[in-house]
Every structure is written in C-alpha cells, then in structure tokens.
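Enquirer: Before we start, here is the structure in question, set down as structure tokens.
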Amino acid sequence: MPPDSSIGWRCGGSLITGRFVLTAAHCVIDSRLGTAFFSARFEMMDKYFRNVPPDVVRFGDLDIFGPDGDEYAQQLGIAEIIRHPEHRFSAYYNDIALIKLGDSGGPLQVKLMHNFRETPFVVAVTSFGLPCGTSNPGVYTRVAPYLDWLVTTMKDRGERVDDQTFNTTACARRYVSLRDPYEGVVQHRNETYVDVNYSSQHMLLDVELPPYIAKLGWAAGSTGAEYCYGVIVDEEIVLTVADCVEFMGKPVNRIVSPEKIDVAAIYIHPLYKKGASYNNIAILKLKSLLDFKSETTASCIWHDSKLPYERIQTIGVGRKDLLLLPELAKLPDPTQATYRAKITAFNETSCHLSKASLASMRHGFAHELVCAGNDFFLVPEVCNLAIGGPLFGTRWHDDREYGYTFALAQFGRDCGFGEHLLATRLWSHIDWMKSVLLPGHHHASSRLLFLERDRHEGDPCKTEHGVDGRCVALGECFQSRVEFLNRTDKQFCSSTEVVCCPLDVIEKKKKAVDRRTELDDCQQIVSKLNVLNPYGFMVEIGSEFDDEFRCLGSIVATRTIVTTRSCLGNSIPTKVRSLTEVNSTIQVENVTFHDLYNASDSSFDIALLKLEIPIIWSPQLYPACLWMNKTHTPMITRMLYMDDDRVSVEMIQAKYNSDCQRVHPRKLHRSQLCAKEVWDEPVCRKSGDVLVSQTATGPSYLVGLALHEDGCSGWDYGTFTRISMLVDWINCRQRFFQYFYASDPFGISGLPARLYEFAHMGAIGWSQPNGTVDWRCGGSLIWDNFVLTAAHCAIDYRNVPPDVVRFGDLNIFTEEGDEYAQQIGIAKFVRHPGHRFSSHYHDIALIRLERNVTINETVLPACLWTDMEVRFKRMDAIGWGKVGFSGEQSPELLKMGLSPISNEECGKVFNKETNRRLRTGLQEHHICASDEKADTCEGDSGGPLQVKLMHNMRETPFIVGVTSFGLPCSPENPGVYTRVASYVDWIVDTMQNHGAVVDDQTFNTTICALRHAPLREYYDGIVIERNGTTATIDVFQKHLTDVDELPSFIAKLDHENCYGVIVDEETVLTTADCAEYKGNDIALAKIKESLTWSSSIYPACLWMNKTHTPLVMRMIFEDDDHLDHAKIIARYNSDCQRTHPSPLHLSQLCGRTPRRDSVCRNASDVLIAQTTEGGVTYLVGMSQHEDQCGSWRHGTFTRISALVGWVKRNVLNLDRWNT
C-alpha cells in the first residue's frame, strides 16, 4: 500500500497485540509536538499543529516517504486513543498511551533469543529530551510500571488479554514462527531471504551431556537448591562450588543423578566465605561408588592456568518449548531440559558482569576466576545456569577423547548470555584438592638449602645433618622423586641438578652397578636393536603332553621367561615358541614359582621359566624391560593377548588399588595392581596376558601380568600381578636359578569331571583372615537359591560356620575355567532339627544363598530322587576331597562310580559296637555304597550320591544321598550317605519357610526333569564326541523313537498311558489297571447335517505337535454378544505348577497374558494359533474354568495335541454315536 503524502508521520509506537499499539501519551495530539520534538524536517508543517489527534498507523514500511517495500506495508485507521489517566501535557510523567506515530513514541527495545529466533521486547517508550544529538541522552517511559494499566485498558475495550498475555515466555512463543532467526545461526541475509545454519547454534539440545555431570539433592521433605550440580572426578568424589553445599541451613546430602547416592562427607575450601566468589569450591565424598559405565565416567581436571580454547561449553537447564525449533514447539511444554550451551571465555577487561556479581568480588577480579558467556541476551527460562556444573571441553590422547573440566560455574543469569557468568578455575585449587583427596601428597620442601655456588660435581660436601658427602648429579643419588622427597638430609650443591649425596649412598649405588644383570641393561640392549616387531618379546608356553600353547610369556633375559603361576596350572611347561619366529621352539630347562603364591587371592602369581639355550637378540627377538618404579604406574598401558592366533591390543588405564578395593571381593595385595579398559569394557582376560607400556621407538616395559579372578567379567576393572613389586625376586631367581626348582604337579586318582557334567555341584567354603577360602565341604544346588548338604558341615573345627558357596568351577584352586564360576555368600544354614554333632543320624541340611544363581549350562539345579527304593546298580559320588587317607585335597572335581549295598551288609562294618555315634545302628534314612577302587574321603562331605536319568535325549541328575561318614578313606570301605527320599517333606517345608515358592510337586520326577531340560547334557547314547564345551550328537542313535503310527496290532485305550494288544476283530488284551476309565476334559458333538465349507465357515486344524506348543496364541471368547480375543503366551507346566493348587495333567497346558492379567474364562473358550502364510488356524486348546482361577496369573487349557488320537478315532466312527 503506497503512503499518503498528505499524512504527517510525527510519532512512533510498538504493536503489542493484534489491535493495540504502545506509544507516548504526548503523541495523542499534534500541538505538543511543535514544542517538544521539533526538527528541521518538520518546520514547514507547523501550520498543521492544531491539537488534532492522529488517525492512522502504518506497519511494515521501512521508508514511509518513498515507495520502497510498500508491498509489505499495512495502513490502518485509528479507532481510539487512550492516554494514561495521570498524564498531563504540562509534565513529563506517566507519558504512555496505546497508539503509534513518527519519531516520538517509538520503542526503546531489546531482542531476546529463543527457539533459534529473536523476539523484540519493548523496554520503554520515547518520551522527551534535549534537541536530538548523540551527546544528549533521551528520556523514556519505562513500560514495566504500566503493565497492569495496559492490560486493564485493553480488556475494557474488548481485547482478549489477561495478566499472562505479556508473560515473557507466552509472548515470545506467540508469533515465534514469524520471528527473524537470531544472528548466531544466520549465514547470510538479503532483503527477502535469510540463510541459516543450525549447526552453529549456541544451545546444543540434541547433543549428549558430558558423562560426568551429577545433580545434587537434599533430604526428602526438605527444599533444596533447584539448579545445583557437580562434576564427577572419581567413583566417589564430586566437585562443586561451596555455594551449593548448603541451602536454607540444610546441607546437601546426596546426588540424585546419574545415580542416587548419599553424601558421606563434605569438604569446603577453608578460605571460602559465604557471599564471596573467592575459593568457592567444595568436595563431596559419596557413601558408595558410582557404577562407571559408558554413560558415567570421570572428568579430567585441567592442570594449567590458561584455558586451551576460547570457545568452551557449560550446562544449562531450560524450558523445552523455548529451545526447540518453532515447528517442533507448537504447544506449550514447560518441561525442563538439561543441555550444553556454547560460551566464550573473556578476560577481565571485556567481562560484563551485573552489579550483584561485582559485589562478590570486593578484592577485584582474581586469576582463580573465569568469566565467560555471550554478548546477546536470552528470553528468561531459556537457560538457567547449572550452578557447580562444569565449564568444559575435550582433548584427544592415545586415540581417545577425554572430557576436561576447566572451572565450576558460580553464578550467571541466563547462563552468561548478555550478562556474563563467573566460575571457579580448578587449576588454582589443585594443591587443596590433592591435600583432601591424596592425604599422602608431597609438597616441595621449603627447607632445601644451597651450598656455595662454587661447589660442583665431584666436590666434597656435608649434608644438612653434617654427614660427609659428595656433589653428584641428582639421578645418581636418588632413584625416584619420591625417594628424594622422603630424604630429610637433602641439600643442593651448585644447582638443582646437583645434590650433596651421603657417601654411604654413593657406595651402595656403586655396588649395585657392579651387580648389574641383563635386567638392568635391558634399555641399552633394546636401544641398540632396530626393533621391527612390537611383539618380539612375547612367547607362547606349552607342554609336550599336548599340542596347545596355553599361556603367554615375556622374554626378560636371554634364558628367562616371565608368566603367571596360575596359567601354568598343574603341569610343568616344557617348551616356548616365539610369536615372531613361530618355527623356532626352545625347550624349558626349569621352572620356579614364588614361594608366597596363593591361589585363593592370586597374590604373588608369578612364575619364571629357564630356557635350555640362550636367545640371540635380533630386531625380531628382544627382551621386555621390567617396570621398576614402585610408586607410579603408567597412566595408559596396553594389554596384549592372543585372539585367533594373532595378538590383539586393548588400551588400559591405571587405577588406584584403593578404588578397586571398595568393590573387590578379596583384599588386593601389594603384589597386585588394578586397571580399567579405556573404552569401559570388562577387563577379564586369560591369566598371563601381558600389560606393557610401549613407546614408538623405545623399549617395551613389562608392567603387569593379567589375573583371571572369579567374577572378573562383572567388574569394570581387571587385576594384574604388579611387576615393579617383584623385580627383586625376579632378579634374584634369574641370577641364582639353579637353586630354585618347581614342585612336581600333584597326582590325583579317580576321574576328572567334565564341564557341564555336574552343573549342580557346589564347593562350600570358609573365608580366612588372609583373604583365602578353605573349601571343606560339597553341596548340591536343588533350587535357584538352595543347596543340599550335610548337617555336620555347619561348622568347621573352630566352630565357625561356612560363608560362601562356589558353583561352575572344576578346579577351585586355579583360575582355569573361572569364567563359568559363580561364588555366592551364604544367608542361612539350616540343619535338620534331629541332627546332633555327637551322632550320625539326620545328617542333612539346607543352605539358603544370599541371592539366586544365574541358571545356565554350567550352574543348574539337580532333582531329588524321592522314592525310597533305589533300583540303580551304579551311582556317582563327586567332590574335591582328599585322594587318600594321607593324601592332599584334590584341586579338581573328581567323580567315582559306586554300587549300593544293603544296610544289612553295610551294618557289618557300621554298627553301635564299632561306632559310638550309631547308638541304634544304621537306619532307613541311611544308604551305603562302595567300590573296589574308589571311596569318598575327607572334603567330600555334603556332596551328592547321584544317578543320571535319561529323557528328551538329555540326562538329569537325581540326588539319591548326601555324603555323610565312613571309615578312613580307602576303596575297601563303604561310605554311608543320608538317603534324600526320607527327607523330601522336610526339604519342601524348610524351603517354604525360607521364602521359596515350592510345594509337594516341585520335586516330582517328571516336573523336575522337564524344568531345565533344554540346558541339560545330551545322554551318552547319542553323543559321538565331546570336546570341551561342545558335543557332537547323532539323533538316529537314540533309544526312544517317535513313530507316526503304532504297530498294527497295538490299540490305544482311552485311559492315559494305557494300551492293549489286538488278538482278533473284537478282542483286545490289556492290564486290569487299565480297565478303569478316567476321562479327559474334552467332548465331541455330532451335528445333524453336514456343513458346507465357505470363506465364512471352515474347519480349524488340530495342533498335533506333542512336544512344542506355539509361543504366542490367541484366546477367542464371547464378550457382550460379540467375539473378542486376548494374546496368550505359552508357559511350561512346571512353571505354573509352582502356584497351581493341583497337579497339572499331561492333557493340560498353561499360559498367561503378556501383562500377566487373570486368564479366567468360560470353559471351552478357544485357544488358537494362526500362520502368517495361508491363514491356517490351528486349534491348540480349550480353556478350563477351574476353581479360584481368578487369583492366578495363568490359565489352564485342554491340550488338543495330547488328545488328537481320541478325536480322530471318534470323528472317523461317528456312526456309532447317539445324537
């Protein structure tokens, strides 16, 4: 719309709603203008100053005197002008009105950013001033005091406004999609188009927060600071600002994210004063450790006075509907989102702080403070600063990105946008943090004295204590910085590089040089070689008795290899093979182990192999140097291990032993170190794998040897033998090898058990003060958290009860196979009430574990033989007991076959005359077994006497007896066992009383056998070969074969499991037991007329698979005169049997809904399965309405597959039916 040249444009104003304009009150008539805001441009129009009100407003036109941009303009007439009621033309007060015109009345405004847009906010209305000029200030009418008047005036004239209309958030969002993009994302502008790049945004809502942010919390029921955060620097340490440790007199007492953990202690900087920005830092120590996974890690602390970048980031909390793109924020959403905000660091001169901020810095801008932010402003609630949160960035080291915290945010409105934020620089408080977190931290001594400048190397001197010495280079007197700091008589000579060294120290150093070995000269040896392969120091270790090279070793001298004792197992190694020269095998002459090696806690787990011939050094074959620094471990090392015949590498980061000790199941020994994988993967490798510190050109330093400990797969760290603590031992053994020999591996009798073979077997142990475990008894897992054992295992010889059970481990004294082991504490040991330690009666007990085992092929409950009759000719006894009366305890799980003998025969050996603990002789609850070549012995107590029974091509172990007592271990003597069948009721009752969901059907042989059938071992009849954890089977060798049809002379009777033999056309022979009819819940109805098949009427096919039920089915039922359906998930009958009030029959199946709702329907509702191809519907079952079914989480159904034969017979012979 073109402008009207006859109009005098004399005032300006601001559109604040669709119908109202905000302007100055003096603009409502033109006479005032002639004296208030006169300009040369308008002097010619003075004739128009006639107290006439304005009558038109023009919008969207940048040039009101020309045609440019007129296509965007809107010109509207004025319906009414409203001055503030207290305005007077004779004064400059209350100069505000609702309207818009020329130069006067225009807005004093600011643009605030939100949703990647800018919204103008009118701060004031132009009122008056001196004649226009840059040196003269103008006076404006502040809008805020008149907000209520504006709203009331507009409401009185029909405008739909209220006290929230001009709420900053509501107003900013009102026309957000039409606003101009903010400058931070604008790439280019022209008159009609704006090119934006959202990747340059300052609010990073779609980027993950740093994994080291912790939100602080206060006790339940108390008010806490809303935006207080901290930075995680360790599993139990959080840094924050001192301002956040207390709110309204209540101290912070927990963190609420990433985990809820209580605060154990608060350390505030001793120089902090409330209300001041100086020394505003605090340390929170947590009561328990954070679980460091990929989503939670520690931040590094920046150790420099200067920030590495000008552009850094901080954390803000803001409303989602002010952060998202306009098209994604159409509806109000006050939900708070925590996100990253990009900010810029400013120096003291360019830092723009509020008056409140300056009040906290009474002594000026100290270097310990960081100022940061951006120079544009935000709509309030876009970004609330995370107080105590980090100012942070990232740095790359060793191909990994690390997060660094530079400072902790103190305060800053809108995250430092507009007015900048202030933060505490961590570098300035490094020493204080070390004094709290590292109590043993050393500071440089202030007592260092310099002698005369003319004393140089070789000159005689006296130490501070008057001891004679000589000036030598610092490194010639002290091996490490710690040794230097710990000396009290240190004193410099001419410089800090030359020290007065006591003569006795110099003499000791000289003698040490005279005794130098290959280990000491390693660095020089490697430096002279042009190393071509980074793994030239590594070998594989093997034995002549097998073709496998089972362990890794490291060459440390021409005839010395280092590895772990646990990796070697029970056999002496005989050969090594280089990884770089695989065709060269060297024979092993001798082996030595550390005298203090302890298999239970893996302490001193080291072994040395002496080779028959020396190695000749070459670029392909060279030694690893030993890491000898006892106080410092390299921060980043590499773990080398074999993976499919090649060397693989993992980056490993050192940890303090004290950090790992908090969760480690045993005390970490000084001969061990712990470390984590840089990428937060489990550090659980084979014993003997190598931990090295390598440089691109220098030698490889052997730092540690991996230890495969129980449960290591569940830790976020790994344990290693610490080489630096064993250097002296290695040096001594390497020099005097001929005096040290390895013991012969101990011989064992009996047959070693296979993995999976006895998955229910547990070793019962007593934890010792030194961290080891004394394994004295065995037991059988019979439920997820119950173990069956002997009552006399309740205490040891010191009257101490056992406290731990270990499953899935064939060798309880080495790490071999530990990846399958589960070790669980004992919660309760329950002896049979009739047991007395003074007798051999009722020697049976149950152990309740602290938690359930993890069921798998290696840890699996056994069943109980509940029949008093023992009809088996051979049974197995297993255990880790002694291998003879005077023999040692077997390290491996052994099995032996035994034959039962009658109690009468056994009573000839065990009776009240021969054993005073059998006052009434052997009883029915005793069972005896023996063998000519084997017997159970001390240490086997509580273990099972068992038999394996075949079903489903698998074998399930059934416990017949519990090892109780006998004569001194020897094959000619029978052992006496507690008969399990005599105690089934007591076992069930005791388990129920201790929380187990069991009943009298739990140990039913069929139900128990099927419970874990898919995890059982294949029975020997179909196994062609077993190899470790796998078995090759031939199902055609099975003894029980499914057939489509019975032999033509076999008749199936209606009674369950009843058959007969056809002898003529009308005669069938069967047993008298099968003559009694017991029907199943199914019936057939014959209809009078045959149906005609169509798309609306068609038959359901019968589900005929007797071994498998579809996992997901649909139940069809009638609901309010229409058909409805529900999804049903099949369950094992044995699972439902635990809560079902009566035994489930083979003709029944059970299932539940996905939400575990009640499955309690009318009898004969239909259970079907449908195929996706062809749409075939199979009838799987029909619902049964049993008493109290509404209280179950499962439903029962007639199993069609079990009754297909009956249906077929009757459908094919319907003519004999009565209608």
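This note's numbering applies: residue 76 is where the sequence shown begins, and numbers increase by one. The beta carbon of each residue, even a glycine, is placed where N, CA and C say it ideally should be.
(1) Give the straight-line distance between the Cα atoms of Leu594 and Val547, rounded to the nearest whole angstrom.
(2) Are at least three pairs of beta-carbons, each pair with one atom in the segment 313-325 and one in the segment 279-298, less than 8 Å apart?
(3) Assuming Trp224 is part of the beta strand (DSSP E), what are its boundary residues?
(4) Identify which residue in Tyr347, Gly900, Thr889 has its Cα closest to the Cα of Ser842.
(5) With a threshold of 16 other CB atoms inside 10 Å of the CB of Arg163, please say whether the residue is buried or exposed.
(6) Note the first and the last residue of the continuous alpha helix (DSSP H) segment covering Gly550.
(7) Taking the alpha carbon of Glu258 as the reference point, which residue from Thr228, Ala300, Asn190 has its own alpha carbon closest?
(8) Please name the residue in Phe451, Phe134, Pro345, Asn422 whose C-alpha comes closest to that of Met508.
(9) Where does the unbroken alpha helix (DSSP H) through Thr1081 begin, and where does it stop?
(10) How about Pro383 and Arg329: do their beta carbons lie closer than 9 Å?
(11) Indicate the three-state DSSP secondary structure (helix, strand or coil) for Phe95 in the structure shown.
(12) Quick test of your reading: Val445 and Ala420, contact by CB under 8 Å. State the CB separation rounded to the nearest angstrom.
(13) In the DSSP assignment, find the alpha helix (DSSP H) that holds Pro434 and state where it starts and stops.
(14) Which partner residues of Lys360 appear in the DSSP bridge assignment?
(15) Rounded to the nearest angstrom, how far is the Cβ of Ile636 from that of Trp702, given a contact under 8 Å?
(16) Going by DSSP, what residues sit across from Gly954 in a beta bridge?
(17) Start and end of the beta strand (DSSP E) containing Arg249?
(18) List in chain order: all unbroken beta strand (DSSP E) runs of 3+ residues lying wholly within the segment 252-298.
(19) Suppose the cutoff is 6 Å on Cβ atoms and the five residues either side in sequence are ignored; what does the same chain contact list for Cys490 look like?
(20) With DSSP collapsed to three states, give me the class of Pro383.
(21) Quick one: using the 10 Å Cβ neighbour count with 16 as the cut-off for buried, is Ile1162 buried or exposed?
(22) Can you grab the Cα-Cα spacing for the pair Leu466 / Ala295, in whole Å?
(23) Given Leu90, which residues of its chain have a CB within under 6 Å of its CB, disregarding the five upstream and five downstream residues?
(24) The beta strand (DSSP E) spanning Cys1235 covers which residue range?
(25) In chain order, what residues of the same chain have a beta carbon less than 6 Å from the beta carbon of Ala729, not counting five sequence neighbours either side?
(26) The alpha helix (DSSP H) that contains Leu604, what's its start and end?
(27) How big is the Cα-Cα spacing for Gln150 and Phe486?
(28) Can you tell me which of the three DSSP states Asp121 falls into?
(29) Are the beta-carbon atoms of Ala902 and Leu935 separated by less than 9 Å?
(30) Taking only the alpha-carbon atoms, compute the straight-line gap between Ser114 and Asn211 and give it to the nearest angstrom.
(31) Which one or two residues does DSSP pair with Tyr477 in a beta bridge?
(32) Are Gln1223 and Thr1182 closer than 9 Å when you measure CB to CB?
(33) Opposite Arg873 in the DSSP bridges: which residues?
(34) Quick one: any contact between the segment 653-660 and the segment 596-614, if contact means 3 or more CB pairs under 8 Å?
(35) Indicate the three-state DSSP secondary structure (helix, strand or coil) for Met1066 in the structure shown.
(36) In terms of alpha-carbon separation, which member of Val848, Gly846, Pro844, Leu863 lies closest to Met836?
Expert: The relevant details are as follows:
(1) By one-based count along the sequence shown, residue 594 stands at place 519. By one-based count along the sequence shown, residue 547 stands at place 472. One alpha carbon belongs to Leu594, the other to Val547, and they sit about 25 Å apart.
(2) In short, these stretches touch, since the Cβ pair count reaches three.
(3) Numbered from its first residue, the sequence shown carries residue 224 at position 149. Trp224 -> not in any beta strand (DSSP E); alpha helix (DSSP H) instead, spanning 222-231.
(4) Taking the first residue of the sequence shown as 1, we reach residue 842 at position 767. Minimum Cα distance to Ser842 is reached at Gly900.
(5) Counting from 1 along the sequence shown, the entry for residue 163 is found at position 88. A residue is called buried when at least 16 other Cβ atoms come within 10 angstroms of its Cβ; Arg163 does not meet this threshold and is exposed.
(6) Locating residue 550 in the sequence shown gives position 475, where the first residue counts as 1. For Gly550, the enclosing alpha helix (DSSP H) covers residues 549-552.
(7) Counted from its first residue, the sequence shown places residue 258 at position 183. Among Thr228, Ala300, Asn190, the Cα nearest to that of Glu258 is on Asn190.
(8) Residue mapping note: residue 508 aligns to position 433 of the sequence shown, counting from 1. Nearest C-alpha to Met508 among Phe451, Phe134, Pro345, Asn422: Pro345.
(9) Against the sequence shown, residue 1081 aligns to sequence position 1006. Segment 1080-1086, the alpha helix (DSSP H) holding Thr1081.
(10) Start at 1 with the first residue of the sequence shown, and residue 383 comes out as number 308. Start at 1 with the first residue of the sequence shown, and residue 329 comes out as number 254. Taking 9 Å as the cut-off, the Cβ atoms of Pro383 and Arg329 do not count as close.
(11) Translated into the one-based positions of the sequence shown, residue 95 becomes position 20. Collapsing the DSSP output to three states places Phe95 in coil.
(12) Translated into positions along the sequence shown, residue 445 becomes position 370. Translated into positions along the sequence shown, residue 420 becomes position 345. Their Cβ separation, rounded to whole angstroms, is 6 Å, which keeps Val445 and Ala420 in contact under 8 Å.
(13) Within the sequence shown, residue 434 is the residue found at index 359, counting from 1. Inspection of the sequence shows that residue 434 is occupied by Ala rather than by Pro. Bounds of the alpha helix (DSSP H) holding Ala434 are 430-434.
(14) Numbered from its first residue, the sequence shown carries residue 360 at position 285. According to DSSP, Lys360 shares a beta bridge with Ile312, Ala340.
(15) What you label residue 636 is simply residue 561 of the sequence shown in a count that begins at 1. What you label residue 702 is simply residue 627 of the sequence shown in a count that begins at 1. Not confirmed; about 17 Å, so no contact.
(16) For the purposes of this step, residue 954 is taken as the residue at position 879 of the sequence shown. The secondary-structure analysis by DSSP pairs Gly954 across a beta bridge with Leu969.
(17) Counting from 1 along the sequence shown, the entry for residue 249 is found at position 174. Residue range 243-249 is occupied by the alpha helix (DSSP H) that includes Arg249, with no beta strand (DSSP E) assigned at that position.
(18) Counting only runs of 3 or more, we get 261-264, 269-271, 288-292.
(19) If you number the sequence shown from 1, residue 490 lands on position 415. Same-chain partners within the cutoff: Gly391, Ala416, Cys458, Leu460.
(20) As a first step, residue 383 is located in the sequence shown; it is residue number 308 there, counting from the start. It is coil, neither helix nor strand.
(21) Residue 1162 sits at position 1087 when you count from the first residue of the sequence shown. Exposed.
(22) Taking the first residue of the sequence shown as position 1, residue 466 is located at position 391. Taking the first residue of the sequence shown as position 1, residue 295 is located at position 220. Distance between the alpha carbons of Leu466 and Ala295 is about 30 Å.
(23) Start at 1 with the first residue of the sequence shown, and residue 90 comes out as number 15. Only Val96 meet the Cβ criterion.
(24) Taking the sequence shown and counting its residues from 1, the one referred to as residue 1235 is at position 1160. Where Cys1235 is concerned, there is no enclosing beta strand (DSSP E), given that its DSSP letter is neither H nor E.
(25) Counting from 1 along the sequence shown, the entry for residue 729 is found at position 654. If we look at Ala729 and ignore the five residues flanking it on each side, its Cβ neighbours are Thr708, Met710, Ala750.
(26) Here residue 604 refers to the residue found at position 529 when the sequence shown is read from its first residue. Here Leu604 belongs to no alpha helix (DSSP H), and DSSP marks it neither H nor E.
(27) Within the sequence shown, residue 150 is the residue found at index 75, counting from 1. Within the sequence shown, residue 486 is the residue found at index 411, counting from 1. Near 47 Å, if we compare the C-alpha coordinates of Phe486 and Gln150.
(28) Here residue 121 refers to the residue found at position 46 when the sequence shown is read from its first residue. For Asp121, the pLDDT reaches just 42, beneath the cut-off of 50, and the residue's location in the model is therefore unreliable, leaving the point undetermined.
(29) Sequence index remark: in the sequence shown, residue 902 carries index 827 (1-based). Sequence index remark: in the sequence shown, residue 935 carries index 860 (1-based). By the CB criterion at 9 Å, Ala902 and Leu935 fall outside the cutoff.
(30) In the sequence shown, counting from the first residue as 1, residue 114 sits at position 39. In the sequence shown, counting from the first residue as 1, residue 211 sits at position 136. Confidence at Ser114 is low in this model, with a pLDDT of 37, below 50, so the placement of that residue should be treated as unreliable; the coordinate-derived value is given next. Each residue's Cα considered, the two are about 15 Å apart.
(31) Taking the first residue of the sequence shown as position 1, residue 477 is located at position 402. Within the DSSP secondary-structure output, Tyr477 pairs in a beta bridge with Arg470.
(32) Taking the sequence shown and counting its residues from 1, the one referred to as residue 1223 is at position 1148. Taking the sequence shown and counting its residues from 1, the one referred to as residue 1182 is at position 1107. Their beta carbons are not under 9 Å apart, which means Gln1223 does not touch Thr1182 by this criterion.
(33) Here residue 873 corresponds to residue number 798 of the sequence shown, with the count starting at 1. According to DSSP, which records beta bridges pairwise, Arg873 is partnered with nothing at all.
(34) The segment 653-660, when compared against the segment 596-614, does touch it at the 8 Å Cβ threshold.
(35) Counted from its first residue, the sequence shown places residue 1066 at position 991. In the structure shown, Met1066 falls within a helical segment according to DSSP collapsed to helix, strand and coil.
(36) Here residue 836 corresponds to residue number 761 of the sequence shown, with the count starting at 1. Ranking Val848, Gly846, Pro844, Leu863 by Cα distance to Met836 puts Leu863 first.
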